[in-house]
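Here is the structure we will look at, set down as structure tokens.
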Amino acid sequence: MDPDERLMRSIEEQIGISENAKRAFREEILIRISAYARKGKRFDYSTHDRLREAIEKKLFADLKDVVKITTSNKTPDEHQLKKINEVTKRLIEEHQYCPVCANELLRYVGSLLNR
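As structure tokens, then:
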């Protein structure tokens with residue numbers, strides 16, 4: 001499978017990696033991946049601060065409109081309700097939110113994004 005150049009560039013652009021600097025940035029990550037592999041460990045993007053920041057910004061940018069639409073409707077449709085329930089469930093199970101707090105968080109984030 002060939003690398004997805006557009007995806008890689010869209011992630012790199014989130015942290016200001018220029019077209020000229022992309023090669024050095026990618027090599028830095030590959031060096032880190034191979035260093036982990038030599039130690040018998042798996043590379044996790046969250047261990048590379050700039051890569052983690054870039055991926056988080058890219059995901060936020062991609063999902064911002066979805067969250068805005070999903071949380072702005074007074075009566076969400078079936079698809080939106082499913083998404084809301086998935087996020088709520090994840091907040092409860094993976095981040096130990098209570099159901100009330102998880103819903104409040106979604107409402108709050110939605111209100112911030114709808115400004």
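In UniProt numbering, the protein residues as written are 1 to 115.
The C-beta atom is built at its ideal place from N, Cα and C for all residues, glycine as well.
- Taking the CA atoms as reference points, Ala-54 sits about 27 Å from Glu-104.
- With respect to the C-alpha of Cys-101, the residue from Val-87, Leu-113, Leu-112 and Asn-114 having the closest C-alpha is Val-87.
- Ile-31 is positioned such that its CB atom lies no closer than 7 Å to that of Phe-43.
- With a contact defined as Cβ atoms closer than 8 Å, Lys-58 and Ser-10 qualify at about 6 Å.
- Beyond the five residues adjoining it in sequence on each side, Ala-37 comes within less than 7 Å, by CB distance, of no other residue in the same chain.
- In this structure, DSSP gives Gln-96 a state outside helix and strand, which the three-state scheme calls coil.
- By the Cβ neighbour-count rule, Leu-106 is buried, with 16 or more other Cβ atoms within 10 Å of its own.
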